[in-house]
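Accompanying notes for the structure given below.
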Amino acid sequence: MTKIAAFPIINVSGDEFDYIVCGAGAAGCALAARLSADPNVSVLLIEGGHGDTPDMVSTPLRTIEIWNSDYDWGYSTVPQKHCHNRQIYWPRGKVMGGSSSMNGMIYVRGHAMDYDMWAHLGNHGWDWASVLPYFKQVEDFDRGADAYHGVGGPMHVTTDYKAHPLMDALIDAAVQAGIPFNPDYNGASLDGISRIQFNISKGKRVSTAAGFLEPVRGRSNLTVAPSTRVEKLIIEKGRVTGVHCVRGAERFDVGVRFEAVLSAGTLESPRILMLSGIGPKAHLAEFDIETKVDLAGVGQNLHDHTFLPMVFEARADYPFPDDPSLPPMQVHMFLKSHPDIAVADIQPLFFSVPAYAPGQSGPMNAFTLHAGGIRPTSRGELKLTGTDVNDPLHLDPNLLATDYDVKTLITSMRQIREIAAQPALKDWVKGEVYPGPKRNNDESLADYARSAVGSYHHQVGTCAMGVTAQSVVDPQLRVYGVKGLRVADASIMPFVPSGNTAAPSVMIGTKAGDMMAAAHN
Numbered sequence: 000m001t002k003i004a005a006f007p008i009i010n011v012s013g014d015e016f017d018y019i020v021c022g023a024g025a026a027g028c029a030l031a032a033r034l035s036a037d038p039n040v041s042v043l044l045i046e047g048g049h050g051d052t053p054d055m056v057s058t059p060l061r062t063i064e065i066w067n068s069d070y071d072w073g074y075s076t077v078p079q080k081h082c083h084n085r086q087i088y089w090p091r092g093k094v095m096g097g098s099s100s101m102n103g104m105i106y107v108r109g110h111a112m113d114y115d116m117w118a119h120l121g122n123h124g125w126d127w128a129s130v131l132p133y134f135k136q137v138e139d140f141d142r143g144a145d146a147y148h149g150v151g152g153p154m155h156v157t158t159d160y161k162a163h164p165l166m167d168a169l170i171d172a173a174v175q176a177g178i179p180f181n182p183d184y185n186g187a188s189l190d191g192i193s194r195i196q197f198n199i200s201k202g203k204r205v206s207t208a209a210g211f212l213e214p215v216r217g218r219s220n221l222t223v224a225p226s227t228r229v230e231k232l233i234i235e236k237g238r239v240t241g242v243h244c245v246r247g248a249e250r251f252d253v254g255v256r257f258e259a260v261l262s263a264g265t266l267e268s269p270r271i272l273m274l275s276g277i278g279p280k281a282h283l284a285e286f287d288i289e290t291k292v293d294l295a296g297v298g299q300n301l302h303d304h305t306f307l308p309m310v311f312e313a314r315a316d317y318p319f320p321d322d323p324s325l326p327p328m329q330v331h332m333f334l335k336s337h338p339d340i341a342v343a344d345i346q347p348l349f350f351s352v353p354a355y356a357p358g359q360s361g362p363m364n365a366f367t368l369h370a371g372g373i374r375p376t377s378r379g380e381l382k383l384t385g386t387d388v389n390d391p392l393h394l395d396p397n398l399l400a401t402d403y404d405v406k407t408l409i410t411s412m413r414q415i416r417e418i419a420a421q422p423a424l425k426d427w428v429k430g431e432v433y434p435g436p437k438r439n440n441d442e443s444l445a446d447y448a449r450s451a452v453g454s455y456h457h458q459v460g461t462c463a464m465g466v467t468a469q470s471v472v473d474p475q476l477r478v479y480g481v482k483g484l485r486v487a488d489a490s491i492m493p494f495v496p497s498g499n500t501a502a503p504s505v506m507i508g509t510k511a512g513d514m515m516a517a518a519h520n
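Per my numbering: the sequence shown = residues 0 to 520.
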């Protein structure tokens, strides 16, 4: 995968398209590629971020350099009352490909039961048997096709690579601790410790911009407009007829004939809805926004996987990762916090570098074994703070509001300590830096969790799909109460899947494209 050419800033003011896709992230790129496969329709893909792809984006080892750069929207939550009133940093990709251009490139679909539960909630067509073909369709799996995998798709999946030597020792230690090795967590079973499957090809990141857009950028019916933000929708007589855009000091409208789709992500799609008058009436009234559709669920149900660093000092000659073709995390686990639960609720992720939480410090010859909770029961909300698209959002995930979420992290920390104590790691572990051996009872570990928990960067749920009064979109992803509008991104997930959200977002965008093509064919 060679470096993709920059997408130039173009003038689309006053133009009209059959479809407008708002947001070129994981779902939006997949959706735009699918829709533009029909040469008889015109498609506009609008992205608020940059149109170029610098080396730090395309080089896997440099992924953390993107944080707090100009290619990061750099959100922060409000002070979290259950986490020592800390604000949690939420990086999001400000570039073509969205957060698929700044994430860890970790390819995870989740557990089949995740999708069966979506369907059980009334979202027919989103069960595992229905979504698996979409996962296979977009995949180019380096081990070949089988019942669970596909080849030839735009998202290359790499499993064959030379890992950092610590990673092999971690797998051995986990097996010594009784955790089975799983050669394919995207196959028949999720559970166990595994080498991570990456969206990497020939040493370069396969973002959705690289995988989906670059091969089709020559299509005459596909227009891509970077550095352009959608501020709100134009609604006439209950139907979306266009979008109002902002580019620097310039403001302009673009018309749409068939449908507009919000694929701006869990944080921006609900903002656009609310600025357009679609959302909780009482909240919109705070900013004198005329309510077009009173939808109570817009911005609600905000939740995220939890991520907690445990840092271990290593030997003095610890080899720092230097392979530019791989990110520093290469092994993860899917485990249960209790043997009686049906599905894994813990996903520890192992870094070969120290990843200290804000306020922490320690030696650089260290590595990080992150505890991770992937079935959070805490729920929060997203709200406006003003009517300008550049106003900060009020982001309150209400982290660690439930005992279950805290206890899950405590269990995960204890599981990690058991692994770190195995013979396979005796030549690697010099000592535990954080939380430190003095924190050994549940109370002190809970306090550490509240003091250092961060984000797995898997925010979902603010435009939830469903059939209840709190649902924002129906199972066809159509926004309730307005015609010609859908949402297709991680915001529609009723609850977060078991694992990283990039692959499920690509699936959502691809499936949305099929549904829209069928509706207008």
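C-beta: ideal position from N, C-alpha, C; glycine also. Quick caveat: nothing in here was measured; it's all calculated off a predicted structure.
Next item on the list: Might you give, ordered along the chain, the residues of its own chain that have their beta carbon closer than 6 Å to the beta carbon of R438, omitting 5 neighbours on each side?
Entry: Indexing the sequence shown from 1 puts residue 438 at position 439. Same-chain partners within the cutoff: L444 and Y447.
For this session: Let me know the secondary structure DSSP gives Q414 once reduced to three states.
Result: For the purposes of this step, residue 414 is identified with residue 415 of the sequence shown, where counting begins at 1. Q414: helix per DSSP, three-state reduction.
Exercise. Determine which residues share a DSSP beta bridge with R477 and list them.
Key: In the sequence shown, residue 477 corresponds to position 478, counting from 1. Paired residue(s): R485.
Entirely within the region 41-94 and at least 3 residues each: give me those beta strand (DSSP E) ranges in chain order. 42-45
(request) Compute the Euclidean distance between the alpha carbons of F197 and P326, then round it to the nearest angstrom. (result) By one-based count along the sequence shown, residue 197 stands at place 198. By one-based count along the sequence shown, residue 326 stands at place 327. Roughly 9 Å separates the two Cα atoms.
query: If you draw a straight line from the alpha carbon of Q86 to that of Y317, how long is it in whole angstroms?
result: Mapped onto the sequence shown, residue 86 falls at position 87. Mapped onto the sequence shown, residue 317 falls at position 318. For Q86 and Y317, the distance between alpha carbons rounds to 33 Å.
**Asked** CA-CA distance, Y133 and V20?
**Response** By one-based count along the sequence shown, residue 133 stands at place 134. By one-based count along the sequence shown, residue 20 stands at place 21. Y133 and V20: Cα-Cα distance of roughly 19 Å.
query = DSSP on V452, reduced to helix/strand/coil?
reply = Looking up residue 452 in the sequence shown gives position 453. Coil, per DSSP.
Using CA atoms only, rank isn't needed, just tell me which of E213, V297 and H302 is closest to G50.
Within the sequence shown, the letter at position 51 stands for residue 50. Of the candidates E213, V297 and H302, the one whose C-alpha sits nearest the C-alpha of G50 is E213.
Fill in: F211 - DSSP class collapsed to helix/strand/coil
As a first step, residue 211 must be located in the sequence shown, where it is residue number 212. F211: helix per DSSP, three-state reduction.
| said: Alpha carbons only, please: which of I491, R374 and D139 is nearest the one belonging to P153? | reply: Taking the first residue of the sequence shown as position 1, residue 153 is located at position 154. Checking every option, the nearest Cα to that of P153 belongs to D139.
- Nearest to A343 by CA position, among A501, A248 and T410, is which residue? Looking up residue 343 in the sequence shown gives position 344. When only C-alpha atoms are compared, the closest one is T410.
Quiz item: So I234 is in the alpha helix (DSSP H); what residue range does that whole segment cover?
Solution: As a position in the sequence shown, residue 234 is number 235, starting the count at 1. Premise fails: I234 lies in the beta strand (DSSP E), R228 to E235, not in any alpha helix (DSSP H).
Q.
On a Cα-Cα basis, can you pick out the residue from V137, G278 and A176 that is closest to V505?
A. Reading the sequence shown from its first residue, position 506 is the one you call residue 505. For V505, the nearest C-alpha among the options comes from V137.
Proximity winner among V428, G379, P375 and T384, relative to D402 (alpha-carbon distances)
Within the sequence shown, the letter at position 403 stands for residue 402. Nearest option by C-alpha distance: P375.
- Query: Can you give the Cα-Cα distance for P509 and V481, rounded to whole angstroms?
  - Reply: Locating residue 509 in the sequence shown gives position 510, counting from the first residue. Locating residue 481 in the sequence shown gives position 482, counting from the first residue. According to the sequence provided, residue 509 is Thr. The question's Pro does not apply to it. T509 and V481: Cα-Cα distance of roughly 22 Å.
Q: Mind checking who G278 pairs with in its DSSP beta bridge?
A: Counted from its first residue, the sequence shown places residue 278 at position 279. D293, per the DSSP bridge assignment.
Point to revise | Where L381 sits in the DSSP three-state scheme | key: Translated into the one-based positions of the sequence shown, residue 381 becomes position 382. Three-state DSSP puts L381 in a strand.
Check your understanding: Who are the Cβ neighbours of K382 in its own chain at under 7 Å, not counting the five residues just before and after it?
Key -> By 1-based counting over the sequence shown, the position of residue 382 is 383. Once the five neighbours on either side are set aside, the close Cβ partners of K382 are H282, G298 and H393.
TODO: If I'm right that P90 touches I199 with Cβ under 8 Å, what's the distance once you round it to whole angstroms?
DONE: Within the sequence shown, numbered from 1, the residue matching residue 90 stands at position 91. Within the sequence shown, numbered from 1, the residue matching residue 199 stands at position 200. Actually they are not in contact, since the Cβ atoms of P90 and I199 sit about 19 Å apart, beyond 8 Å.
Straight-line Cα distance separating A511 from Y18
As a first step, residue 18 is located in the sequence shown; it is residue number 19 there, counting from the start. As a first step, residue 511 is located in the sequence shown; it is residue number 512 there, counting from the start. Approximately 12 Å between the Cα atoms of the pair.
- Query: Where does S252 fall in DSSP's three states?
  - Reply: As a first step, residue 252 must be located in the sequence shown, where it is residue number 253. According to the sequence as given, residue 252 is Asp; it is not Ser. Reduced to three states, the DSSP call for D252 is strand.
Notebook entry, point to check: Taking contact to mean at least 3 C-beta pairs separated by less than 8 Å, is the region 223-232 in contact with the region 32-51?
Noted result: yes
Based on Cα-Cα distance, which residue from L301, H155, G278 and F350 lies nearest to T290? What you label residue 290 is simply residue 291 of the sequence shown in a count that begins at 1. Per the Cα distances, G278.
**Message:** Is there a C-beta anywhere in chain C that falls below 8 Å from the one on I340?
**Reply:** Protein chain content of the structure displayed is limited to a single chain, and chain C is not contained in it.
**Prompt:** Which stretch, first to last residue, makes up the alpha helix (DSSP H) that contains S100?
**Reply:** The count along the sequence shown starts at 1 and reaches residue 100 at position 101. Where S100 is concerned, there is no enclosing alpha helix (DSSP H), given that its DSSP letter is neither H nor E.
Let's test the definition: count the other Cβ atoms within 10 Å of the Cβ of V107 and tell me whether it reaches 16, buried, or not, exposed.
Here the question's residue 107 lines up with position 108 in the sequence shown. That one is buried.
Exercise. Could you check if T1 is buried or exposed, using at least 16 other CB atoms within 10 Å of its CB as the buried criterion?
Key: Within the sequence shown, residue 1 is the residue found at index 2, counting from 1. A caution first: T1 carries a pLDDT of 48, below 50, which makes its placement in the model too unreliable to give a value.
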